[in-house]
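Novice: Per this note's numbering, numbering through the sequence shown is continuous, rising by one, with the last residue being 200.
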Amino acid sequence: MSGHSAGPIVVDQPLADGSGNSTEIARCRLAQLRSGDGVSVPSAAGPIAIFEVEGEILAVQDTCTHEDASLADGFLDGHVIECPLHGGQFDIRSGLPVCLPAQLPLRRFETRSDGEFVYITT
Ligand code: FES
79 MSGHSAGPIV VDQPLADGSG NSTEIARCRL AQLRSGDGVS VPSAAGPIAI
129 FEVEGEILAV QDTCTHEDAS LADGFLDGHV IECPLHGGQF DIRSGLPVCL
179 PAQLPLRRFE TRSDGEFVYI TT
């Protein structure tokens, strides 16, 4: 299982009104994404964890549904993120829990990139 020693990288701020697209709620720089490391981005919907897996950018709610832990600081193995607090696991493609004690699904977010930024949309 791959992990990382550094904590989550928090970048940017929630998009302000007037961004030109009301469905975009957060963004980060594409360069901040490193395979295997989560990026935590604040948003109006709460913190969002963004991952790059084999060139695919995936975003889910950052806070674990079991208790209060940042999944961006978890351990990614393929498409499964392991919570750093109790080891619950989720498939970040679907948001569904795959290992206890996680039982409730994560909220998923759509992503798009313009080559410089990754945009998170509802
Ligand atoms: S806080 Fe994530 S499994 Fe407990």
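Even for Gly, the Cβ is constructed at its ideal location relative to N, Cα and C.
Small disclaimer: the values here were computed from a predicted structure and weren't measured.
What residues in its chain sit with their C-beta under 6 Å from that of residue 159, if we drop five residues either side in the sequence?
Specialist: Beyond the five residues adjoining it in sequence on each side, residue 159 comes within less than 6 Å, by CB distance, of 149, 152, 168, 170 in the same chain, given in chain order.
Novice: Helix, strand or coil for residue 110? Go by DSSP, reduced to three states.
Specialist: helix
Novice: What I want to know is whether the C-beta of residue 145 ends up closer than 7 Å to one or more non-hydrogen atoms of ligand 1.
Specialist: Distance from the C-beta of residue 145 to the nearest heavy atom of ligand 1 is below 7 Å.
Novice: Could you compute how far the alpha carbon of residue 141 sits from the alpha carbon of residue 123?
Specialist: 11 Å
Novice: Once DSSP output is grouped into helix, strand and coil, what is the label at residue 99?
Specialist: Residue confidence is low: residue 99 scores 48 on pLDDT, short of 50, so the model does not pin down where it sits. Its coordinate-derived value is still stated next. Three-state result, residue 99: coil.
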